[in-house]
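Chemist: Handing you this structure, nothing more for now.
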Amino acid sequence: MRPFDEVVAEHGAVVLRVCRAMLPVAEADDAWSETFLSAMRAYPDLRPDSNVRGWLTTIAHRKAIDQIRGRNRRPWPVDPLPIDGVPQGKGEAGADERALAALDRAGVVNELQAALDGLAPKQRGAVVYHYLAELPYAEVGELLGTSEAAARRSAADGIARLRTTMRGTPR
Amino acid sequence: MNTETPGTTDQQLLAELERSIPTPTTDELDSLRAGLAADAEREGVLDVAYRSMDSPYGSLLLAATEKGLVRIGLASEDHDAILDGLAETVSPRMLRSGRRTDPVVRQLDEYFSGDRRRFDVALDLHLVRGFRHDVLTHLVDVGYGTTVSYAGLAAASGNPRAVRAAGSACSHNPIPLVVPCHRVVRSDGSVGNYAGGSEMKVSLLAMESGSAGPATTRH
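Protein chains in written order, with the numbering used here: chain A, 16 to 186; chain B, 11 to 229.
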């Protein structure tokens with residue numbers, strides 16, 4: 016197994032770009048750090064044949080969602096309200112999606128990032144993970160909890176939507 | 011399938027997407043990596059911290075576990091191969107980070123300039139087993155400016171007949187300089203072999219005996 020430092024050297028830049036595409040800049044740095052700390056903890060158990068970039072992107076995806084949730088100090092709205100102070104289990108399956116939808120518009124550095132913010136969560140994920148992290152659609156689908164075909168469709172829809180948004184923006 | 015191939019407009023858009031997410035600079039990544047090393051240290055997941063340092067004998071590699079200094083690589087050794095070896099034998103959870111070995115660097119600098127006669131750093135010798143471990147433990151007590159023969163070291167380690175094994179322990183010493191295998195010489199008085207080359211061994215012994223100036227004056 017390679018020293019973990021080599022993994023950071025090889026994939027650090029692309030993971031930071033993924034974080035920056037999913038989060039405002041200040042939060043992207045935190046997500047990067049959290050991603051590599053988690054990855055380092057689990058690294059000795061990583062199977063030798065694993066796709067390391069895909070593995071790191073998956074962790075970064077989870078950390079981006081954590082960042083977005085942590086941003087809202089109040090209870091996450093999709094969690095069932097506690098009854099008599101007893102929490103009623105975790106949010107349902109769509110919670111991640113809604114967390115991504117809650118990306119705030121603060122800290123947006125340019126119009127294309129603003130346009131990215133306007134995408135549906137799965138479209139945004141599919142565009143970023145396929146075109147920026149260069150993962151194949153099969154892995155993007157796995158990461159987003161959908162099929163390969165659905166991931167491919169989300170990316171195409173996302174690109175189409177970005178194009179429309181950008182056209183509508185005066186240059 | 012045909013949705014996968016973007017048209018010209020899509021390619022322009024993707025190029026713009028590429029540009030809109032700036033490629034991180036080396037400084038940005040270095041700063042994040044330093045922060046990661048500090049986080050990993052605090053969280054107890056930094057199993058091996060390593061760094062390089064300049065010395066009068068060329069670049070040295072220093073590696074430390076949480077228990078202590080585990081490896082010094084001399085300039086004559088392949089540092090990448092040493093790091094790969096540590097990933098296999100200790101843990102792959104390794105980062106380049108200076109903090110853990112700061113005291114070692116300071117003490118080695120003092121040693122090379124003639125201002126330090128013994129090292130006060132924790133050692134991690136757990137990779138060395140059996141008789142070799144006994145040999146290195148005794149070797150630590152061989153003082154500055156003195157020498158011991160391989161036979162004498164074997165005897166001090168509890169097995170006077172294991173002269174060859176004592177020699178083998180020295181040649182596989184993972185922490186040269188701090189565990190002073192350069193102070194072990196042949197019974198006939200010749201200096202014998204050294205991982206850093208016999209010239210380096212002669213030079214270190216000359217410095218320690220006071221017959222040469224501080225090692226920092228030579229290259």
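By construction, the Cβ of each residue, glycine as well, lies at the ideal position given by its N, Cα and C atoms.
Are there 16 or more other CB atoms within 10 angstroms of the CB of Q22/B, so buried, or fewer, so exposed?
Modeler: Residue 22/B sits at position 12 when you count from the first residue of the second sequence. Result: exposed.
Chemist: What residues from chain A crowd round G45/B, counting only those whose CB sits closer than 7 Å?
Modeler: The residue given as residue 45/B occupies position 35 in the second sequence. Within 7 Å Cβ-Cβ: S48.
Chemist: Would you mind reading off the limits of the alpha helix (DSSP H) that contains Y121/B?
Modeler: Reading the second sequence from its first residue, position 111 is the one you call residue 121/B. First-last of the alpha helix (DSSP H) with Y121/B: D112 to F122.
Chemist: If we define contact as Cβ-Cβ less than 8 Å, is Y146/A a contact residue for chain B?
Modeler: In the first sequence, residue 146/A corresponds to position 131, counting from 1. Interface residue, yes.
Chemist: Quick one: what's got a C-beta closer than 8 Å to V115/B's C-beta in the same chain, skipping five residues either side?
Modeler: Working through the second sequence from its first residue, we reach residue 115/B at position 105. Result list for V115/B: R61, M63, L72 and G108, in chain order.
Chemist: Distance check for H145/A and A171/A, CA to CA, integer angstroms please.
Modeler: Here residue 171/A corresponds to residue number 156 of the first sequence, with the count starting at 1. Here residue 145/A corresponds to residue number 130 of the first sequence, with the count starting at 1. Straight-line Cα distance between these residues: approximately 11 Å.
Chemist: Inspect the CB distances between the stretch 34-52 of chain A and the stretch 130-149 of chain A and report whether three or more fall short of 8 Å.
Modeler: At 8 Å Cβ cutoff, the stretches touch.
Chemist: Give a yes or no on whether 8 Å exceeds the smallest Cβ distance from Q128/A to chain B.
Modeler: The residue given as residue 128/A occupies position 113 in the first sequence. Yes, its Cβ sits closer than 8 Å to a Cβ of chain B.
Chemist: Identify the residues that DSSP records as bridge partners of M104/B: which are they?
Modeler: The residue labelled residue 104/B in the question sits at position 94 within the second sequence. Answer is V58/B.
Chemist: How would you label K105/A, buried or exposed, when you count the other beta carbons within 10 angstroms and need 16 or more for buried?
Modeler: What you label residue 105/A is simply residue 90 of the first sequence in a count that begins at 1. Reliability fails at K105/A, whose pLDDT of 46 lies under 50, so the model's placement of it is uncertain and the value that follows must be treated cautiously. Flag for K105/A reads exposed.
Chemist: Measuring CA to CA, which of D40/B, V55/B and A179/B is closest to L52/A?
Modeler: Walking along the first sequence from the start, residue 52/A turns up at place 37. Nearest option by C-alpha distance: V55/B.
Chemist: Which residues in the same chain have their Cβ closer than 6 Å to the Cβ of R32/A, if we skip the five residues on either side of it in sequence?
Modeler: Position 17 of the first sequence holds residue 32/A. Result list for R32/A: L147, in chain order.
Chemist: Any heavy atom of the ligand MG closer than 7 Å to the CB of H148/B?
Modeler: For the ligand MG, the structure offers nothing, since it holds no ligand at all.
Chemist: Is DSSP giving M37/A helix, strand or coil here?
Modeler: For the purposes of this step, residue 37/A is taken as residue 22 along the first sequence, with counting starting at 1. In this structure, M37/A counts as helix in the three-state DSSP scheme.
Chemist: List the residues that DSSP assigns as beta-bridge partners of T73/B.
Modeler: Position 63 of the second sequence, counted from the start, is the residue given in the question as residue 73/B. Just to set this straight, residue 73/B is Ala in the shown sequence, not Thr. Paired residue(s): Y60/B and R81/B.
Chemist: Smallest Cα separation from A44/B: which of R62/A, G27/A and N66/A?
Modeler: Taking the second sequence and counting its residues from 1, one reaches residue 44/B at position 34. Of R62/A, G27/A and N66/A, the residue nearest in Cα terms is G27/A.
Chemist: Over what stretch of residues does the alpha helix (DSSP H) that includes C180/B continue unbroken?
Modeler: The sequence position of residue 180/B within the second sequence is 170, counting from 1. That run of the alpha helix (DSSP H) goes V173 to S181.
Chemist: List the DSSP bridge partners of S221/B.
Modeler: Reading the second sequence from its first residue, position 211 is the one you call residue 221/B. For S221/B, which the question treats as bridged, DSSP gives no partner whatsoever.
Chemist: When the distance is taken between beta carbons, is L70/B closer than 8 Å to Y83/B?
Modeler: For the purposes of this step, residue 83/B is identified with residue 73 of the second sequence, where counting begins at 1. For the purposes of this step, residue 70/B is identified with residue 60 of the second sequence, where counting begins at 1. The question names Tyr, but residue 83/B in the sequence shown is Gly. Result yes, Cβ atoms of G83/B and L70/B sit closer than 8 Å.
Chemist: Is L146/B closer than 8 Å to V138/B when the C-beta atoms are compared?
Modeler: Here residue 138/B corresponds to residue number 128 of the second sequence, with the count starting at 1. Here residue 146/B corresponds to residue number 136 of the second sequence, with the count starting at 1. Contact flag set, yes.
Chemist: Taking buried to mean at least 16 other C-beta atoms within 10 Å of its own C-beta, is D20/A buried or exposed?
Modeler: Translated into positions along the first sequence, residue 20/A becomes position 5. Counting Cβ neighbours within 10 Å, D20/A comes out buried, since at least 16 surround it.
Chemist: Kindly list the residues whose CB is nearer than 7 Å to the CB of A50/B, restricted to its own chain and excluding five residues on each side of it in sequence; keep chain order.
Modeler: Residue numbering aside, residue 50/B sits at position 40 when the second sequence is read from its first letter. So the qualifying residues of the chain are L56 and L105.
Chemist: Does DSSP put L133/B in a helix, a strand or coil?
Modeler: For the purposes of this step, residue 133/B is taken as residue 123 along the second sequence, with counting starting at 1. It is a strand residue.
Chemist: Assign K105/A to one of three DSSP states: helix, strand, or coil.
Modeler: Your numbering for residue 105/A matches position 90 in the first sequence. Because K105/A carries a pLDDT of 46, less than 50, the predicted location of this residue cannot be relied on, and no value is offered for it.
Chemist: Going straight from the alpha carbon of T33/B to that of G124/B, what length do you get?
Modeler: In the second sequence, the residue the question calls residue 33/B occupies position 23. In the second sequence, the residue the question calls residue 124/B occupies position 114. Distance between the alpha carbons of T33/B and G124/B is about 47 Å.
Chemist: According to DSSP, simplified to helix, strand and coil, what is S213/B?
Modeler: In the second sequence, the residue the question calls residue 213/B occupies position 203. S213/B: helix per DSSP, three-state reduction.
Chemist: When you compare only the Cα positions, how much space is there between L118/A and A129/A?
Modeler: Locating residue 118/A in the first sequence gives position 103, counting from the first residue. Locating residue 129/A in the first sequence gives position 114, counting from the first residue. Low local confidence applies: a pLDDT of 47 at L118/A is under 50, so the model's placement there is unreliable, and no value is given.
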